[in-house]
Amino acid sequence: MPIRLRHRAHTESVPLAERQISNPVVALDYDGVLTESISGIRRRIHNMAHLEMIGSRGRFVRDMVFEAAVSYANIAPERILRKLAEISKSERPVSGEAVSAMLGMQQAGASLQVRTSNPILNKEALERRLAAEGITASVLYVRPKMKWAQIEGTKPDIIIDDTPSVARAAAVRGCGVMLLRKNYNRAGSWRLRNNGNVIRVDSLEEAAGRIRELART
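Right, dumping it as structure tokens:
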């Protein structure tokens, strides 16, 4: 029997930073991107416990342990994620930075979507909250590693997310990714630094600026 070679999915040969995309479809994650991330929650907990006084080496070890815990949570059963979402009050308001960045992306000609795997997020309520800020965006539920996929006839040109595994799954299929760097994804972010389809950004404001550079309006 002949050996069949497994071919990897085609990757866009032009790096994201060098592309020109007219009226891009931009899909943003909800938890950790549009809302206060688990990083902010963690920081408050550590401040209350006075753990900021353990020195730079201790903080590095603590952050790596925290990152490992967050990565493990990404593969937890849905019932655990549902409970965590309830505990963390998933209906958190969209941050002011996110509103400003999304308005800037709209002005650059981008069509916006929110692609989330949060199981209890109220789709219609979030769409109304965004509309009240002048943002037109559809909210779509999708499995984390399928955020690159075509849904309702639309496939995103650019995904903005904070999860390296999501970024990797989208990038190998040619989708542009802006990975929002956090103190819980630094190791995963570093591994993606040589992937031309991934741009690492430190803020949504930076992501909006990048999109203005990429878009032809």
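Residue numbering for the sequence shown follows the numbering used here, beginning at 1 and increasing consecutively.
Virtual Cβ for every residue (Gly too), placed ideally from N, Cα, C.
Problem - Nearest to arginine 143 (by Cα), restricted to the options Glu97, Val166, Ala98, Glu124 - result: Within the sequence shown, residue 143 is the residue found at index 143, counting from 1. It is Val166 whose Cα lies nearest to the Cα of arginine 143.
Exercise for the section: Could you pull the start and end residues of the alpha helix (DSSP H) that isoleucine 211 belongs to? Expected result: Working through the sequence shown from its first residue, we reach residue 211 at position 211. 204–214 is the extent of the alpha helix (DSSP H) around isoleucine 211.
Exercise for the section: Indicate the three-state DSSP secondary structure (helix, strand or coil) for histidine 50 in the structure shown. Expected result: Translated into positions along the sequence shown, residue 50 becomes position 50. Bear in mind that the predicted position of histidine 50 carries a pLDDT of just 44, short of 50, making it too unreliable to give a figure here.
Exercise for the section: Please confirm if the stretch 132–150 is in contact with the stretch 192–199, defined as three or more CB-CB distances below 8 Å between the two stretches. Expected result: Counting C-beta pairs closer than 8 Å gives fewer than three between the stretch 132–150 and the stretch 192–199, which falls short of the contact rule.
Exercise for the section: Taking the CB atoms as reference points, tell me whether leucine 34 and alanine 98 lie closer together than 7 Å. Expected result: Stepping through the sequence shown from its first residue, residue 34 is reached at position 34. Stepping through the sequence shown from its first residue, residue 98 is reached at position 98. Remark: C-beta atoms of leucine 34 and alanine 98 approach each other more closely than 7 Å.
Exercise for the section: Let me know the secondary structure DSSP gives aspartate 161 once reduced to three states. Expected result: Counting from one through the sequence shown, the residue named residue 161 turns up at place 161. Looking at aspartate 161 - three-state DSSP - the assignment turns out to be strand.
Practice task
Can you give me the Cβ contacts of arginine 43 inside the same chain, cut-off strictly under 8 Å, excluding the 5 residues immediately before and after it?
Solution key: The residue you call residue 43 lines up with position 43 of the sequence shown. Reliability of the predicted coordinates at arginine 43 is poor, the pLDDT of 46 falling under 50, and the value obtained from them is presented with this limitation in mind. Excluding sequence neighbours, arginine 43 sits near nothing in its chain.
Problem - Rounded C-alpha distance that separates alanine 170 from alanine 110 - result: Indexing the sequence shown from 1 puts residue 170 at position 170. Indexing the sequence shown from 1 puts residue 110 at position 110. Alanine 170 and alanine 110: Cα-Cα distance of roughly 19 Å.
Handout entry: Through-space distance from serine 189 to lysine 182, alpha-carbon basis
Key = Residue numbering aside, residue 182 sits at position 182 when the sequence shown is read from its first letter. Residue numbering aside, residue 189 sits at position 189 when the sequence shown is read from its first letter. Lysine 182 and serine 189: Cα-Cα distance of roughly 9 Å.
Problem - Cross-strand partners of valine 139 (DSSP beta bridge) - result: Taking the first residue of the sequence shown as 1, we reach residue 139 at position 139. Answer is Val114.
Problem - valine 198 - DSSP class collapsed to helix/strand/coil - result: One-based indexing of the sequence shown puts residue 198 at position 198. In the displayed model, valine 198 falls within a strand according to three-state DSSP.
Exercise for the section: Assign alanine 169 to one of three DSSP states: helix, strand, or coil. Expected result: On the sequence shown, position 169 is the one that residue 169 refers to. Helix, per DSSP.
Practice task
Could you check if asparagine 197 is buried or exposed, using at least 16 other CB atoms within 10 Å of its CB as the buried criterion?
Solution key: In the sequence shown, the residue the question calls residue 197 occupies position 197. Classification for asparagine 197: buried.
Practice task
Grab me the residues of leucine 214's own chain with a C-beta within less than 7 Å of its C-beta, minus the 5 sequence neighbours each way, in chain order.
Solution key: Within the sequence shown, numbered from 1, the residue matching residue 214 stands at position 214. Cβ neighbours of leucine 214 within its own chain (closer than 7 Å, five residues either side excluded): Arg19, Gln20, Ile21, Pro24.
Exercise for the section: Identify the continuous beta strand (DSSP E) that holds glycine 153 and give its terminal residues. Expected result: Counting from one through the sequence shown, the residue named residue 153 turns up at place 153. First-last for glycine 153: undefined, no H or E at that position.
Problem - Rounded C-alpha distance that separates arginine 115 from valine 201 - result: As a position in the sequence shown, residue 115 is number 115, starting the count at 1. As a position in the sequence shown, residue 201 is number 201, starting the count at 1. Their Cα atoms are separated by approximately 19 Å.
Handout entry: Length of the line joining the Cα atoms of proline 119 and tyrosine 30
Key = Here the question's residue 119 lines up with position 119 in the sequence shown. Here the question's residue 30 lines up with position 30 in the sequence shown. Those two C-alpha atoms are separated by around 12 Å.
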